[in-house]
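A short write-up of the structure that comes next.
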Amino acid sequence: MNVASVIVDVPAMQTDRTYDYSIPDEWKGSIVPGMRVVVPFGPRKIQGFVIELKEKGEVSKLKSIVEPMDLIPVLNKELLALGSWLTEKTLCFKISAFQAMLPAAMKAKYEKFLRLEEGRNPGELHLSLQRFFQDGKEVSWNAIEESGMLTLVHKEVKNGSVEVIYRVKAKGNKKTVRKLYLNVPIDQVDEVKDGLPPQASKQKQIIEYMLDAAPGGDGILASALTEVMATTSSTIKSLVHKGILVEKNVEVYRDPFENKTFEKTFPLSLTSQQEEAIRPILSTIDQEEHHTFLLYGVTGSGKTEIYLQSIQRVLEEGKEAIVLVPEISLTPQMVHRFKGRFGDDVAVLHSGLSVGEKYDEWRKIQRKEVKVVVGARSAVFAPFENIGIIIIDEEHETSYKQEENPRYHARDVAIYRGEFHQCPVILGSATPSLESFARSSKGVYGLLTLDKRMNDGPLPSVDIVDMREELRKGNRSMFSTNLFEKLQGRLEKGEQTVLFLNRRGHSSFIMCRDCGFVLQCPNCDISLTYHRFSNGMKCHYCGYEEGVPSTCPECTSEHIRYFGTGTQKVEEELTKLLPDARIIRMDVDTTSRKGSHEKLLTAFGEGKADILLGTQMIAKGLDFPNITLVGVLSADTMLHLPDFRAAEKTFQLLTQVSGRAGRHTLPGEVVIQTYTPEHYSIELASNHDYNRFYQQEMMMRKMGSYPPFYYITLITLSHEDLMKVVDISEKMTAFIRSKLSDTTIILGPVASPIPRIKNRYRYQCLIKYKREPNLGSTLKTVLDQFQQQYASQGLTISIDVNPYMMM
DNA sequence: AGCACGCCGACT
DNA sequence: GTCGGCGTGCTC
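For the first sequence, our numbering gives the first residue as 5, with consecutive numbering after it.
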C-alpha cells in the first residue's frame, strides 16, 4: 500500500474528489484511512483526509504526502462511511461533511511566509524590501501585503531570490502544563540533599516538599511549587540543572466544570407508566437491535429518568451512549442530571465551550475515557465505536437541523448510526414533530407514551386573552388587565412569575407613526432592528449599521419611534407599573458573557427576583418550585412567518412555556396574550391537547401538500443582478421539471421571502415529492452544470433537502 | 479556494 | 516594448 487517496481541504465543486499521493517510506504503515495529512496541492500545502490506501495511483507521477497530522485516525471506518452518506444526502462537499464531524479545532489554519532563498543576501533585493529580510528570518505574507510591496516581492520570487513557504497549522492545541518530577530514587534522596552546598536551604526545602507532596513520583505543577515555596524559578532551574528535578510538559484537559461538584444521584423507582415505556427500550438494548422509539411524554412526566436508566443498562453492557439536547436547553441543570448520575463518565459538548475545551472533550470520547456524551447537534458525530443508545431530547426542536452545509438533521444521522450499531434511538418530546408522530402512527417508530405527570399534579390552567379586546377597552399597555392583576397577586404572595416574549418577528424595528415608513437595510430587503448596546440600527443578515434617526427620512415627521416590543422595553414598562418588583431580564444582551446565563438562572432559583423576563431561551429547562404564573406577552408573532411549520412551532412553544408553571406542589396558572385567539394552535395549546392539534395540523399539511405527506427540497439561487437570477432560475426550474415525474409538485421560481441579502437577489424553487428516485442525480446535475456554468459569473446555488428555514 | 498562465490595453 | 488588468483552467 504505497498510495493514499486524499480528500483535500478545498470546498469547491471541481475539487470535490480524491487526489492520490504516494506515501513516503518513513510513514508506510502509520498513515491509514481517516487520518489527516498535509499534502502539496499546486504550489500550496493544505490539509487533507486519507480515504483509502491502494497500490497504485490514478495518474503516473504522484506527489508525496508531506506529513501526517495525527497519530491515530480522527475518523474511523463508520464515520468515513457516514461522511459519504452525508455528502450524498445533503449534496455537500465531502470535505465539508468530514469537517462537520470533527471539532473546529481540527480544521487547519494556513500561513504563508517568505524567506530569503539559501545563499542569497538581503543586499541583492530591492532596496525597500531589504529591511524585511535582515537576518534570514521568515517574513509573514501579511506584513508584506500591508506595506504594499507585493508586486516587488513577486518579482523577487520569480527571479529566485525569495522563496514562498506554505505552512499548515493545527488550530487546536493540546493544553500542557509544566510539571516537575523528583529525579532521584527515594533511598538516595538524603544523600543527594547532603551533597548540596550548605547555603542552598531553599533547594533542600523543595526536595523535602516534593517528597511530601508527591511521594509516588507524581509531578508537581511548576506554578504551584513556586507559589507554595515562595521561591523563584531560578532556584528550581538550578535543581533541574543538577539533574535532581526534571521538567516535563504534561498534557492536561481544560476543565469547563472546574470548581464544580456534582452530587451523586441514584436511579429513582419508576412509575408504572414509566416502567411500561422503558421496557421495550431495554429489550432492544438487550437484543442488540436497532429500533427508533418516539417517547411522547407530557412535561413533568419523567422522560429524563427513562433516559438515565436506559443509559445505565447500556453502560452495564459495556457500551456507550449519546444524548442530544437542544443547544438552548443545554443548561447547567441538564448537565447536572447526567454528571450527577454518571459522574466522570460524561463528556459535554456545547457552544458555550471554547474551541480548546470542545477539542478536549472530543479527545476524551475518542480515547474512551468517557462513556456518555451529552451535547448539541454535532455531538451526534461523537467518535464512539460501540454505541448502545442514542437519545434525542426535545426531538421537535428545529435547532437539530444545521442551517449551513452540510444541511443535515441530527435525527437522520442518529438513525443512521443506530442502524450501524444495532442500537435503539429514542426521540423524546412533549410535543413531537408532525413528522415523527406520523411515523409512529404508521408503526415506523415505536410509540411510548407518558401522559401522566409524575407528581400527578394537574396541568396548569391557561387563560387566553384577546388583546384586541383589551385595546377596545382602552388598555394600550402591553399587559392585559388579567395578566397584570395576576402578576400583582404573585408579588403579594411572594411567588414567582415568568414572562415570555416571543421576540422573533417582533424585534424593535423603527416605524414612522405618520407615514408608516420603516427603516430598512440598504443591502438586504429586511428592516433594521434597534440595538441598545451600540445605540444604532443594525441588520441581522449583513451586519450593516447606522444611527438612530430622529426624524423620518421619508416625511421628516418627528413621530418616528420603536415599534414592537423588545425585552428592554417590557422591562422599562414593568418597572414603571410595578416599581417594587425585582426583575431579571434574560436575552441576548444580558447572557452574552460566559456563564451569565447560569448566574441569572441561579439567582432566580434562589428567589432573588420576582419576575424572570426573557425570550426563547427561558422556554426550556426552567424547573423552579416557586413559579406559579407564566405570561406569554404575544403568542402569535411567529404565526405570520412564511413557514408551513408556523402553527406547529407556535403550539410547541406555548406548550413548552406553559409547562414552566406549577411543576411542584403549588398549582400553576398561564396567561397567553394574543391578537388571534381563535387560531387552533393557540386554542389547543391552552387545552394541552396535542392529539387534536396533530389531527388539525395534519389536515392542513395534507391540503398544502407539505411534510409529512410530501418531502420537500428548497433550491435558492442568488446573484447581484436581478435579471440574471430570474433568467437562470427559470432555466433551472424548467430543467428540473423535465427530469422529475409528474406527480412531483414544483413551485416557482419565485422571489425568496427575503428577496435580497447582502445586495444579492434571491430566487427560489420548491420541490414537493412523495417518491422521486431521480431527485438526487437531477440535483447533482443542476449543481454540476449550472454552478459550473455560472459560478464564474457570481451565481450561487444552495440546495436544502428537507428545509426547516423557508426564508 | 488559490494560484499560474495567458492574452489584451495603457504606460515608461 | 513591458507592466499589470482579469478571464480560464488546474491542482494527484
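Heads up, the beta-carbon is just placed ideally off N, CA and C, and yes, glycines get one too.
- Taking C-alpha positions only, S742 is separated from K67 by approximately 44 Å.
- The criterion of a C-beta distance shorter than 7 Å is not satisfied by L286 and E309.
- The DSSP-derived three-state label of N253 is strand.
- The three-state reading of DSSP puts F790 in helix, counting H, G and I together.
- Sorting T632, V168, Q192, I468 by C-alpha distance to the C-alpha of G493 places T632 at the top.
- With contacts defined by Cβ atoms closer than 7 Å, M736 and F790 form a contacting pair.
- The C-alpha of T296 is placed about 36 Å away from the C-alpha of M590.
- L129 is not a Cβ neighbour of E150, given a cutoff of 7 Å.
- About 19 Å separates the Cβ atoms of A639 and I615, ruling out a contact at the 8 Å cut-off.
- Contact check for G635 and R457: beta-carbon distance about 22 Å, past the 8 Å limit, so the pair fails to qualify.
- Annotation: Q207 to V256 spans about 27 Å, alpha carbon to alpha carbon.
- For L106, the secondary structure class from DSSP, reduced to helix, strand or coil, is coil.
- Non-local C-beta neighbours of R586 in its own chain, meaning closer than 8 Å and more than five positions away in sequence, comprise K612, A613, D614, I615, ordered along the chain.
- The beta strand (DSSP E) runs lying completely inside the stretch 697-748 and spanning 3 residues or more are 715-723, given in chain order.
- Beyond the five residues adjoining it in sequence on each side, L200 comes within less than 7 Å, by CB distance, of Q207, K208 in the same chain, given in chain order.
- Straight-line measurement puts the Cα of A325 at about 9 Å from the Cα of N390.
- Distance between L718 and D647, taken at the CA atoms: about 12 Å.
- Using a Cβ distance threshold of 7 Å, M233 and I210 count as a contacting pair.
- The C-beta of I169 has fewer than 16 other C-beta atoms within 10 Å across all chains shown, which makes the residue exposed.
- Sorting N163, Y23, I394 by C-alpha distance to the C-alpha of S64 places Y23 at the top.
- With contact defined as three or more Cβ pairs closer than 8 Å, the stretch 6-23 and the stretch 54-62 are in contact.
- For M590, the enclosing beta strand (DSSP E) has its first and last residue at 587-590.
- Residue state for G347 is assigned as helix, using DSSP reduced to three classes.
- Considering only L431, K372, Y412, the residue with the shortest C-alpha distance to I393 is L431.
- Close CB contacts of F45 within its chain, under the 6 Å cut and outside five residues either way in sequence, are with V12 (chain order).
- In this structure, the straight-line span from the alpha carbon of M110 to that of A174 is close to 6 Å.
- Only exposed fits P777, as fewer than 16 other CB atoms lie within 10 angstroms of its CB.
- Here DSSP, grouped into helix, strand and coil, assigns L454 to strand.
- Of the residues K477, V318, V250, the one whose Cα lies closest to the Cα of H425 is V318.
- With a threshold of 16 other beta carbon atoms within 10 Å, M703 falls short and is exposed.
- Counted as a single uninterrupted DSSP element, the alpha helix (DSSP H) harbouring D290 occupies residues 276-291.
- Of all alpha-carbon atoms in G223, V374, I468, the one lying nearest the alpha-carbon of Y185 is that of G223.
- The Cβ atoms of V70 and K98 do not sit closer than 7 Å to each other.
- In the assembly as shown, S34 is an exposed residue. Its beta-carbon has fewer than 16 other beta-carbons within 10 Å.
- In the displayed model, I240 falls within a helix according to three-state DSSP.
- In this structure, the CA atom of R565 is about 26 Å from the CA atom of L487.
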